[in-house]
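Trainee: Sharing a structure below in structure tokens format, with a few things to ask.
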Amino acid sequence: CSARKKKCLPTVAGKPCVLCTTKRLICDIDPSFPATVQQNGSGPFESAHSSDMSSVFQNPETVTSLLENEALTTELVNIYFDVIHEKQPFLFHRPSFMTSLQAGTIPRYVVSAMASLAARFSINPQLAGFPRNDRGRPFLDTALKGFYSRTDLVCTSALQGACLLAIFTVYWVAWTNDLWYSCECQFPRGLFPPAQYPKPLDDLATIRLADHGAQSTTRETSLRALMISLLGIYPMVRNLNYRHDQIRVQEVDFRSLQSQMDELFRCLPHSLQNDLENPAIFKDVDRANEMEIVHPFYHAMNQMIYFQFLSGRQNGTKDFKDEEITDYVARCRQHASALTEMMFIWFKRTPSDMTFFCAPCIGQMLAVATAVHLHTLVFDADEMSILAAKQYLEQNYMMMMRLAEYWPTLNKTVARMQAIHEACRVNDSPLTFDITSWMADFLHKCN
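Each residue of the sequence shown is one higher than the last, beginning at 7 in our numbering.
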């Protein structure tokens with residue numbers, strides 16, 4: 007495919023490849039796509055995209071009624087803040103944003119973009135008749151049109167406000183995106199903050215920010231600061247899995263990662279500690295939402311660090327002692343169990359709390375946990391562990407079924423997970439879990 011500069015991979019004879027179908031690009035295999043593509047899949051993990059996007063909103067009156075409904079727009083903006091905003095880099099100060107929204111001073115393309123992201127989560131009757139993944143289309147079209155036709159290419163007042171009020175947050179937003187996408191695309195990183203550069207404020211402190219500001223001590227102990235520390239470690243976790251053939255370097259990297267992760271959470275202040283035995287932590291919704299940003303990511307990263315030991319004494323782990331390998335397999339299972347337990351507590355709060363569905367990476371983390379639970383099911387002799395693994399597998403499947411309704415890009419992750427399941431069924435060998443390039447993709451890629 008010339009558009010994405012990759013070779014199109016055939017699926018069914020005469021049908022466009024998966025990536026071109028997902029991105030709606032002209033496919034070398036079927037040049038008529040996307041004009042004539044028809045997607046008729048009805049299974050739980052089939053893509054929820056419509057076969058013809060224009061047919062969903064072909065009535066101009068329907069589109070106009072949606073775009074001009076200020077109550078609906080305000081509802082969608084609130085959903086954006088409730089579901090999406092706190093799970094991504096902290097872009098807006100909600101109270102002042104809502105005040106400006108009511109005053110009509112927020113650029114329309116910003117509001118429409120927020121509505122396009124939030125529409126899939128709405129239960130508003132006006133949107134109920136449309137597929138979840140198509141509901142945001144008219145808002146997205148409006149946002150793009152407004153963005154490209156704006157008169158102020160650079161808004162000086164917005165930049166000044168960002169520098170005066172949130173310079174640290176803006177910097178860390180840029181740093182997070184630089185780190186994440188440089189890892190994903192294998193580009194050199196561009197931002198390297200000084201060691202003492204201040205971390206962002208605690209989210210609750212930022213939301214409640216008064217004219218006199220907040221105590222600087224909240225910067226280094228905030229959940230955002232903890233997430234930044236975790237993200238700083240993530241590139242090393244990724245390198246550990248993708249450099250599976252460099253045994254000596256791998257052992258050094260593993261020891262370093264193990265030490266950093268243990269030290270990071272050993273020094274957590276009490277306010278940031280997560281105790282699944284204490285449900286009181288989830289009574290404060292704001293605090294629960296913050297916890298759900300960091301702790302699942304922590305367990306997911308540990309899954310990826312210890313996953314290499316599930317294959318037993320292979321090339322990548324031959325320099326480790328048998329008792330070490332046994333211990334690390336147990337740790338991998340513990341983190342997978344903790345991840346599933348925490349996610350299921352979160353999931354059970356739906357539909358009153360829709361933040362569980364905020365991003366497809368949640369499904370990817372659950373898929374890796376599912377692979378670990380499969381390892382327990384196949385290779386553990388303890389009856390209680392096997393029963394627990396079966397329960398975790400059922401819970402993960404239930405959660406991923408629901409997530410796939412919102413994020414059809416999970417199809418590829420689910421396909422990889424099902425391939426591991428089938429390999430375990432056909433051949434009960436630990437080699438199924440060996441870290442290959444394919445397995446590294448499974449551990450790290452959400453699509």
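Positions of the beta carbon are idealized from the N, C-alpha and C atoms, including for glycine. Computed from a predicted model, the values in this text were never measured in an experiment.
Where LEU246 and SER155 are concerned, what is the direct C-alpha to C-alpha distance, given to the nearest angstrom?
Mentor: By 1-based counting over the sequence shown, the position of residue 246 is 240. By 1-based counting over the sequence shown, the position of residue 155 is 149. Going by the C-alpha atoms only, they are around 45 Å apart.
Trainee: Which class does ASP388 belong to by DSSP, given the choice of helix, strand or coil?
Mentor: Reading the sequence shown from its first residue, position 382 is the one you call residue 388. Here ASP388 sits in coil by DSSP.
Trainee: Rounded to whole angstroms, what's the CA-CA distance from LEU409 to TYR187? Just pull it up for me.
Mentor: Within the sequence shown, numbered from 1, the residue matching residue 409 stands at position 403. Within the sequence shown, numbered from 1, the residue matching residue 187 stands at position 181. Taking the straight line joining both Cα atoms gives about 23 Å.
Trainee: Thinking just about the alpha-carbon of each residue, which of LYS354, SER71, MET104, SER235 is nearest to the one in TYR86?
Mentor: Here residue 86 corresponds to residue number 80 of the sequence shown, with the count starting at 1. Cα-wise, what sits closest to TYR86 is MET104.
Trainee: From THR79 to TYR412, what does the alpha carbon distance come to, in whole angstroms?
Mentor: On the sequence shown, position 73 is the one that residue 79 refers to. On the sequence shown, position 406 is the one that residue 412 refers to. Spanning the two alpha carbons is a distance of roughly 20 Å.
Trainee: Report buried or exposed for LEU449, applying the criterion of at least 16 other Cβ atoms within 10 angstroms of its Cβ.
Mentor: As a working mapping, residue 449 is identified with position 443 in the sequence shown. The residue in question, LEU449, is buried, as its Cβ has 16 or more Cβ neighbours within 10 Å.
Trainee: To the nearest angstrom, how far is it from the Cα of PHE313 to the Cα of MET406?
Mentor: For the purposes of this step, residue 313 is taken as residue 307 along the sequence shown, with counting starting at 1. For the purposes of this step, residue 406 is taken as residue 400 along the sequence shown, with counting starting at 1. Approximately 21 Å between the Cα atoms of the pair.
Trainee: Taking its Cβ as the centre, do 16 or more other Cβ atoms sit within 10 Å of LEU393, making it buried, or is it exposed?
Mentor: For the purposes of this step, residue 393 is taken as residue 387 along the sequence shown, with counting starting at 1. Counting Cβ neighbours within 10 Å, LEU393 comes out exposed, since fewer than 16 surround it.
Trainee: Looking at SER122: is its Cβ nearer than 8 Å to the Cβ of GLY135?
Mentor: Your numbering for residue 122 matches position 116 in the sequence shown. Your numbering for residue 135 matches position 129 in the sequence shown. It is not a contact, given that the beta carbons lie outside the stated cut-off.
Trainee: So, for THR376: in the same chain, excluding its five sequence neighbours on each side, which residues have a beta-carbon less than 7 Å away from its beta-carbon?
Mentor: As a position in the sequence shown, residue 376 is number 370, starting the count at 1. The answer, listed in chain order, is LEU399, ASN402, MET423.
Trainee: Assuming contact is defined by CB atoms lying nearer than 8 Å, are MET307 and MET267 in contact in what I supplied?
Mentor: In the sequence shown, counting from the first residue as 1, residue 307 sits at position 301. In the sequence shown, counting from the first residue as 1, residue 267 sits at position 261. Their beta carbons are under 8 Å apart, which means MET307 touches MET267 by this criterion.
Trainee: Can you find the residues in the same chain that come closer than 8 Å, C-beta to C-beta, to CYS452, ignoring five residues on each side of it along the sequence?
Mentor: Here residue 452 corresponds to residue number 446 of the sequence shown, with the count starting at 1. Around CYS452: PRO366, CYS367, GLY369, GLN370, THR415, LEU416, THR419.
Trainee: Going straight from the alpha carbon of ARG337 to that of ARG100, what length do you get?
Mentor: In the sequence shown, residue 337 corresponds to position 331, counting from 1. In the sequence shown, residue 100 corresponds to position 94, counting from 1. Taking the straight line joining both Cα atoms gives about 39 Å.
Trainee: Give the secondary structure of THR382 by DSSP, where H, G and I count as helix, E and B as strand, and everything else as coil.
Mentor: Numbered from 1 along the sequence shown, position 376 holds the residue referred to as residue 382. Helix.
Trainee: For LEU185 and GLU389, what's the separation of their Cα atoms in angstroms?
Mentor: In the sequence shown, counting from the first residue as 1, residue 185 sits at position 179. In the sequence shown, counting from the first residue as 1, residue 389 sits at position 383. Each residue's Cα considered, the two are about 43 Å apart.
Trainee: Helix, strand or coil for LYS2? Go by DSSP, reduced to three states.
Mentor: With the chain running from 7 to 453 in the structure shown, residue 2 is simply not present.
Trainee: Assign THR382 to one of two classes, buried (16 or more other C-beta atoms within 10 Å of its C-beta) or exposed (fewer than that).
Mentor: Looking up residue 382 in the sequence shown gives position 376. Under this definition THR382 is a buried residue.
Trainee: In three-state terms, what does DSSP make of GLU52?
Mentor: Taking the sequence shown and counting its residues from 1, one reaches residue 52 at position 46. Because the pLDDT at GLU52 is just 36, under 50, the model does not fix this residue reliably, and the point stays unresolved.
Trainee: Mapping the DSSP letters down to three states, classify CYS364 as helix, strand or coil.
Mentor: Here residue 364 refers to the residue found at position 358 when the sequence shown is read from its first residue. It is coil, neither helix nor strand.
Trainee: Whole-angstrom Cβ separation of PRO144 and LEU82, contact assumed at under 8 Å?
Mentor: The residue you call residue 144 lines up with position 138 of the sequence shown. The residue you call residue 82 lines up with position 76 of the sequence shown. Rounded, the Cβ-Cβ distance is 12 Å, inconsistent with contact.
Trainee: How is the alpha helix (DSSP H) around ASP116 delimited, first residue to last?
Mentor: For the purposes of this step, residue 116 is taken as residue 110 along the sequence shown, with counting starting at 1. As written in the sequence, residue 116 is Val, which differs from the Asp given in the question. From DSSP, the alpha helix (DSSP H) with VAL116 extends over 114-124.
Trainee: Which residues bound the alpha helix (DSSP H) around ALA344?
Mentor: One-based indexing of the sequence shown puts residue 344 at position 338. That run of the alpha helix (DSSP H) goes 328-353.
Trainee: Quick check on the burial criterion: 16 or more other C-beta atoms within 10 angstroms. Buried or exposed for SER262?
Mentor: Taking the first residue of the sequence shown as position 1, residue 262 is located at position 256. Burial call: exposed.
Trainee: Does DSSP classify THR182 as helix, strand or coil?
Mentor: Residue numbering aside, residue 182 sits at position 176 when the sequence shown is read from its first letter. In this structure, THR182 counts as helix in the three-state DSSP scheme.
Trainee: With distances taken from CA atoms, which of SER317, GLY318, GLN309, ILE331 is nearest ARG339?
Mentor: Stepping through the sequence shown from its first residue, residue 339 is reached at position 333. Ranking the options by Cα distance to ARG339, first place goes to GLN309.
Trainee: Going by other Cβ atoms of all chains shown within 10 Å of its Cβ, with 16 needed for buried, is PHE439 buried or exposed?
Mentor: Locating residue 439 in the sequence shown gives position 433, where the first residue counts as 1. Counting Cβ neighbours within 10 Å, PHE439 comes out buried, since at least 16 surround it.
Trainee: For LEU150 and SER118, what's the separation of their Cα atoms in angstroms?
Mentor: Taking the first residue of the sequence shown as position 1, residue 150 is located at position 144. Taking the first residue of the sequence shown as position 1, residue 118 is located at position 112. The alpha-carbon atoms of LEU150 and SER118 are separated by roughly 9 Å.
Trainee: Taking the CB atoms as reference points, tell me whether SER317 and LEU437 lie closer together than 8 Å.
Mentor: In the sequence shown, counting from the first residue as 1, residue 317 sits at position 311. In the sequence shown, counting from the first residue as 1, residue 437 sits at position 431. For SER317 and LEU437, yes; Cβs fall inside 8 Å.
Trainee: What did DSSP end up calling THR80 once you bin it into helix, strand or coil?
Mentor: Within the sequence shown, the letter at position 74 stands for residue 80. Reduced to three states, the DSSP call for THR80 is helix.
Trainee: Where does CYS273 fall in DSSP's three states?
Mentor: Walking along the sequence shown from the start, residue 273 turns up at place 267. Residue state, collapsed to three classes: coil.
Trainee: As a quick exercise: from ASN84, LEU107, ARG244, pick the residue whose alpha carbon is nearest that of SER443.
Mentor: Your numbering for residue 443 matches position 437 in the sequence shown. Of the candidates ASN84, LEU107, ARG244, the one whose C-alpha sits nearest the C-alpha of SER443 is ARG244.
Trainee: Suppose the cutoff is 8 Å on Cβ atoms and the five residues either side in sequence are ignored; what does the same chain contact list for GLN264 look like?
Mentor: If you number the sequence shown from 1, residue 264 lands on position 258. Closer than 8 Å at Cβ, skipping near neighbours: ILE311.
Trainee: Check each candidate in TYR115, LEU133, SER128, PHE127 and name the one with the smallest Cα separation from LEU146.
Mentor: The residue you call residue 146 lines up with position 140 of the sequence shown. The candidate whose alpha carbon is nearest that of LEU146 is TYR115.
Trainee: Using three-state DSSP, classify PRO317 as helix, strand or coil.
Mentor: Against the sequence shown, residue 317 aligns to sequence position 311. The question names Pro, but residue 317 is Ser in the sequence shown. Three-state result, SER317: helix.
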